[in-house]
Amino acid sequence: MKKVLHIVGARPNFMKVAPIHRAISERGSLTQTLVHTGQHYDVKMSDVFFTDLGMPAPDIHLGIGSGSHAEQTAKVMIELEKVFTSEKPDLVSVVGDVNSTLAAALVAAKMGIPISHVEAGLRSFDRTMPEEINRVLTDRISDLLLTPSADADANLIREGLEPARIRLVGNVMIDSLLAAREKALRLPTLSELGLEPRGYAVCTLHRASNVDDAKVFSGLLSALSHVASRLPVVFPVHPRTRKRISELGLAATLERTPGLRLVDPMGYLEFLALTSQARLAFTDSGGLQEETTVLGIPCLTVRENTERPITVDIGTNVVVGTDPVRIQQTADRILDGYGKKGRIPDRWDGRSGERIAQEYEQFLGVGKTPRLAAV
9 MKKVLHIVGA
19 RPNFMKVAPI
29 HRAISERGSL
39 TQTLVHTGQH
49 YDVKMSDVFF
59 TDLGMPAPDI
69 HLGIGSGSHA
79 EQTAKVMIEL
89 EKVFTSEKPD
99 LVSVVGDVNS
109 TLAAALVAAK
119 MGIPISHVEA
129 GLRSFDRTMP
139 EEINRVLTDR
149 ISDLLLTPSA
159 DADANLIREG
169 LEPARIRLVG
179 NVMIDSLLAA
189 REKALRLPTL
199 SELGLEPRGY
209 AVCTLHRASN
219 VDDAKVFSGL
229 LSALSHVASR
239 LPVVFPVHPR
249 TRKRISELGL
259 AATLERTPGL
269 RLVDPMGYLE
279 FLALTSQARL
289 AFTDSGGLQE
299 ETTVLGIPCL
309 TVRENTERPI
319 TVDIGTNVVV
329 GTDPVRIQQT
339 ADRILDGYGK
349 KGRIPDRWDG
359 RSGERIAQEY
369 EQFLGVGKTP
379 RLAAV
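So in my numbering, spot 26 of the sequence shown is number 34, and the numbers just go up one at a time.
Now the structure itself:
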């Protein structure tokens, strides 16, 4: 049987790989190997997700850990070359835009192994973002470009990539959300935090452009404090962000800010329980922009751009930048009842994993069923 080798390295990857892995297992036409690079090594940021998403333990764990972008990418490349040599995959499947994604694609391309990029074509058009470099380069060398939305198709075609390589399969991360939502809602997450549904906001911040610049980060925290004066703001703090708060000497001040609750990173189900019942979300994460659009929850993206414009064009997302005044004004409008009403994009229907499994079968010459269309 032909073999697909999946690469996961960081928290967002797990939600994207889980539905693909499950669909391939259910269809039984391909074998698969799951490789965890260990780019995220905090248990709450990685390992708990395998349990929450019902994924098997990784077949191979590289334990790469942290480092500069160059160091981390190089370490993953060195170790994956050994894995690809021993495993001999027929297709390497990479997802998203983290360093492990680009590293795996580069090694596979050099070794002549076909590559599929899930979530291809997303663009922020901001080359100062490391993730943008990873996206662009991975797309250039991938054989299959599996896109989440029509705007991603248009980006790839505009860049001169062959339409025959492009498949619109939908947003596979939404598969995980829809499959896990009911289970998440049964958790006591809100009661343990003393919260009521739609009675709080949730925030995630981790990007270097937001947390490494003291002036920008302080402005964002002041905006959160303003919102926290109107309703509780729950802030699961990424390890990188926690470190920066400590370096800036802000921990004591934030802990004393009324309404602002700093908590440890959550597992997937806990965090889904929190986000799915929030009144408002603040984020610099691409995934939460998508999830809130499907959940119908207003989202403020505290960046100057987004690689997911469909969440702005038809979803619930508003890109507000990092100006504290603009963030506060936009949040106040939402809390006053003027939140943006959105709709769910095409093929964000919980069946993207099955579409991808069929694409892999057809690409590898083992599938005979027609491609799954949107419902």
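We treat Cβ as the ideally placed atom computed from N, Cα and C, and that holds for glycine.
Exposed or buried, what is residue i when buried is set at 16 or more other beta-carbons lying within 10 Å of its beta-carbon?
{"i": "Phe133", "result": "exposed"}
{"i": "Ile86", "result": "exposed"}
{"i": "Tyr368", "result": "buried"}
{"i": "Ile362", "result": "Checking the sequence, you will find Glu at residue 362 rather than Ile. When all chains shown are included, Glu362 counts as buried."}
{"i": "His14", "result": "buried"}
{"i": "Tyr346", "result": "exposed"}
{"i": "Gly120", "result": "exposed"}
{"i": "Glu263", "result": "exposed"}
{"i": "Val43", "result": "buried"}
{"i": "Lys83", "result": "buried"}
{"i": "Gln337", "result": "exposed"}
{"i": "Ala135", "result": "Rather than Ala, the amino acid found at residue 135 in this sequence is Arg. That one is exposed."}
{"i": "Gly295", "result": "buried"}
{"i": "Met9", "result": "exposed"}
{"i": "Val51", "result": "In this predicted model, Val51 has a pLDDT of only 49, less than 50, meaning its place in the structure is not dependable; the value taken from the coordinates is given anyway. Flag for Val51 reads exposed."}
{"i": "Pro266", "result": "exposed"}
{"i": "Ala222", "result": "exposed"}
{"i": "Arg143", "result": "buried"}
{"i": "Ile165", "result": "exposed"}
{"i": "Pro27", "result": "buried"}
{"i": "Glu278", "result": "buried"}
{"i": "Glu79", "result": "exposed"}
{"i": "Asp161", "result": "buried"}
{"i": "Asp344", "result": "exposed"}
{"i": "Pro97", "result": "buried"}
{"i": "Gly62", "result": "exposed"}
{"i": "Gly17", "result": "buried"}
{"i": "His29", "result": "buried"}
{"i": "Asp220", "result": "exposed"}
{"i": "Glu139", "result": "buried"}
{"i": "Pro64", "result": "exposed"}
{"i": "Ser184", "result": "buried"}
{"i": "Thr59", "result": "exposed"}
For the alpha helix (DSSP H) containing residue i, name the first residue and the last one.
{"i": "Thr197", "result": "Thr197 to Leu201"}
{"i": "Ser360", "result": "Ser360 to Leu372"}
{"i": "Lys223", "result": "Ala222 to Ala236"}
{"i": "Glu34", "result": "Arg19 to Arg35"}
{"i": "Leu145", "result": "Pro138 to Ile149"}
{"i": "Ala128", "result": "Premise fails: Ala128 is in no alpha helix (DSSP H) and is neither H nor E."}
{"i": "Pro217", "result": "The amino acid occupying residue 217 in the given sequence is Ser; Pro does not appear at that position. Ser217 -> alpha helix (DSSP H) spans Ala216 to Val219."}
Figure out for me which residue from the options has the closest Cα to the Cα of residue i.
{"i": "Asp321", "options": "Val333, Thr330, Cys307 and Asp331", "result": "Cys307"}
{"i": "Leu99", "options": "Arg148, Pro122, Glu79 and Asn313", "result": "Pro122"}
{"i": "His214", "options": "Trp356, Leu169, Pro247 and Glu200", "result": "Pro247"}
{"i": "Gln370", "options": "Arg19, Ser37, Phe22 and Leu282", "result": "Ser37"}
{"i": "Ala187", "options": "Thr41, Ala286 and Met23", "result": "Met23"}
{"i": "Glu325", "options": "Leu288, Asp354 and Arg355", "result": "As written in the sequence, residue 325 is Asn, which differs from the Glu given in the question. Per the Cα distances, Leu288."}
{"i": "Glu89", "options": "Val310, Ala82 and Val115", "result": "Val115"}
{"i": "Ile342", "options": "Ala259, Ala209, Leu372 and Arg269", "result": "Ala209"}
{"i": "Pro273", "options": "Asp357, Asn142 and Cys211", "result": "Cys211"}
{"i": "Ser124", "options": "Asp161, Arg311, Arg175 and Ala216", "result": "Arg175"}
{"i": "Ala117", "options": "Asn107, Gly104 and Leu145", "result": "Leu145"}
{"i": "Leu203", "options": "Ala286, Asp292, His29 and Asp340", "result": "Ala286"}
{"i": "Arg206", "options": "Ser284, Pro156, Ile182 and Ala160", "result": "Ser284"}
{"i": "Ser360", "options": "Pro156, Asn163, Ser76 and Pro97", "result": "Pro156"}
{"i": "Asn355", "options": "Gln297, Gly178 and Lys96", "result": "In the sequence as presented, Asn is not what sits at residue 355; that position holds Arg. Arg355 has its Cα closest to that of Gly178, out of Gln297, Gly178 and Lys96."}
{"i": "Phe92", "options": "Ala111, Gly104, Asp105 and Val106", "result": "Ala111"}
{"i": "Val271", "options": "Leu201, Gly373, Leu258 and Gly329", "result": "Leu201"}
{"i": "Asp292", "options": "Val106, Leu256, Ala259 and Ala216", "result": "Ala216"}
{"i": "Val386", "options": "Ala128, Ala259, Asn163 and Arg269", "result": "Residue 386 lies beyond the stretch modelled for the chain, which goes from 9 to 383, so this question has no answer here."}
{"i": "Glu312", "options": "Asp331, Gln40 and Thr319", "result": "Asp331"}
Is there a Cβ from chain C that is less than 7 Å from the Cβ of residue i?
{"i": "Ala116", "result": "The structure shown contains no chain C; it is built from a single protein chain."}
Locate the beta strand (DSSP E) running through residue i, then write down its first and last residues.
{"i": "Ile121", "result": "Run containing Ile121: none; DSSP gives neither H nor E here."}
{"i": "Thr291", "result": "Leu288 to Thr291"}
{"i": "Leu13", "result": "Lys11 to Val16"}
{"i": "Gly243", "result": "Checking the displayed sequence, the identity of residue 243 turns out to be Phe instead of Gly. Counting along the chain, the beta strand (DSSP E) containing Phe243 begins and ends at Val241 to Pro244."}
**Request:** Starting from the N-terminal side, write out each stretch of the alpha helix (DSSP H) that is 4 residues or longer and does not extend beyond the region 295 to 353.
**Result:** Within the region 295 to 353, complete alpha helix (DSSP H) segments of at least 4 residues are found at 318 to 321 and 332 to 341, given in chain order.
**Asked** Which parts of the region 251 to 281 are runs of the beta strand (DSSP E), unbroken and 3 residues or longer, counting only runs that do not cross its ends?
**Response** Within the region 251 to 281, the complete beta strand (DSSP E) runs of at least 3 residues are 268 to 271.
**Message:** Can you confirm whether the region 65 to 77 touches the region 18 to 34 when touching is taken to mean that 3 or more C-beta pairs between the two stretches lie within less than 8 Å?
**Reply:** Here the region 18 to 34 does not lie against the region 65 to 77, with fewer than 3 beta-carbon pairs under 8 Å apart.
**Prompt:** So, do the region 342 to 356 and the region 283 to 301 have three or more beta carbon pairs nearer to each other than 8 Å?
**Reply:** With the cut-off at 8 Å, the region 342 to 356 and the region 283 to 301 touch.
**Prompt:** If you pair each beta-carbon of the region 218 to 234 with each one of the region 195 to 206, do three or more pairs fall below 8 Å?
**Reply:** With the cut-off at 8 Å, the region 218 to 234 and the region 195 to 206 do not touch.
**Item:** Inside the region 37 to 116 only - alpha helix (DSSP H) runs reaching at least 4 residues
**Value:** DSSP runs (the alpha helix (DSSP H)) wholly in the region 37 to 116: 55 to 60 and 77 to 95.
**Message:** Could you tell me which whole alpha helix (DSSP H) segments of length 4 or greater appear in the region 152 to 213?
**Reply:** Complete alpha helix (DSSP H) runs here, min 4: 158 to 166, 180 to 193 and 197 to 201.
**Asked** Between the region 230 to 246 and the region 148 to 157, are three or more C-beta pairs nearer than 8 Å?
**Response** Counting Cβ pairs under 8 Å, fewer than three are found: no touch.
**Prompt:** Should the region 250 to 260 be called in touch with the region 164 to 175, which here means at least 3 C-beta pairs below 8 Å?
**Reply:** In the pairwise beta carbon analysis, the region 250 to 260 is classified as not touching the region 164 to 175: fewer than three pairs are separated by under 8 Å.
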